[in-house]
Amino acid sequence: MGERKAFQTDKAAVTGGPYAQAIIHDGCIYVSGQGAVDPETNKIRLGTVEEEAELALRNLKIILEEAGSSLKKTLKVTVYLLDMEEFARFNGVYRKYFGEHLPARTCIQAACLPFETRVEIDAIAHL
Numbered sequence: 084m085g086e087r088k089a090f091q092t093d094k095a096a097v098t099g100g101p102y103a104q105a106i107i108h109d110g111c112i113y114v115s116g117q118g119a120v121d122p123e124t125n126k127i128r129l130g131t132v133e134e135e136a137e138l139a140l141r142n143l144k145i146i147l148e149e150a151g152s153s154l155k156k157t158l159k160v161t162v163y164l165l166d167m168e169e170f171a172r173f174n175g176v177y178r179k180y181f182g183e184h185l186p187a188r189t190c191i192q193a194a195c196l197p198f199e200t201r202v203e204i205d206a207i208a209h210l
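For the sequence shown, our numbering assigns the number 84 to the initial residue and increments by one for each residue that follows.
Following this line, the structure appears as structure tokens:
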């Protein structure tokens with residue numbers, strides 16, 4: 084069994100919470116939940132579901148690429164939406180990022196997300 088290693092990049096949003104931005108283990112990267120945080124300013128940017136999905140997916144993409152993976156190598160995604168009425172609008176942004184390389188996915192309506200955001204996304208990808 085391989086060694087577990089924390090991974091962090093300053094190119095994506097860094098929240099400073101008590102968790103790793105990502106963990107690398109046995110040829111996979113496990114990325115913690117990404118939300119509506121601007122990767123350039125590290126500030127939360129509340130907005131429409133599309134705007135928040137864009138930020139969350141941009142952060143996810145940056146973390147994966149900095150670790151040597153990519154969205155194309157993503158195996159599983161979990162999406163937390165504040166309002167399932169926004170599901171179709173979220174999917175428009177999601178499809179832009181994943182294209183035809185769609186991973187397995189679960190989408191859950193959350194009663195509340197951190198900092199009053201509308202979207203949070205975590206993922207597992209192969210390196």
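Quick reminder that beta carbons are idealized off the backbone N, C-alpha and C, glycines included.
(request) Find the nearest neighbour of A103 within the set S115, H209, K94 and E199, judged by alpha-carbon distance. (result) For the purposes of this step, residue 103 is identified with residue 20 of the sequence shown, where counting begins at 1. Among S115, H209, K94 and E199, the Cα nearest to that of A103 belongs to S115.
(request) Spatial neighbours of A187 within its chain, please: CB distance less than 6 Å, with the 5 preceding and 5 following residues excluded, ordered by chain position. (result) Here residue 187 corresponds to residue number 104 of the sequence shown, with the count starting at 1. Closer than 6 Å at Cβ, skipping near neighbours: K159.
(request) Mind reading off the beta-carbon distance from T189 to I127? Whole number of angstroms is fine, and I expect it under 8 Å. (result) Residue 189 sits at position 106 when you count from the first residue of the sequence shown. Residue 127 sits at position 44 when you count from the first residue of the sequence shown. Not quite, the Cβ-Cβ distance comes to about 24 Å (not below 8 Å), so this is no contact.
(request) Put G151 into one of helix, strand or coil per three-state DSSP. (result) Counted from its first residue, the sequence shown places residue 151 at position 68. Three-state result, G151: coil.
(request) Could you tell me if F198 is buried or exposed, where buried requires 16 or more neighbouring beta carbons within 10 angstroms of its beta carbon? (result) By one-based count along the sequence shown, residue 198 stands at place 115. The residue in question, F198, is exposed, as its Cβ has fewer than 16 Cβ neighbours within 10 Å.
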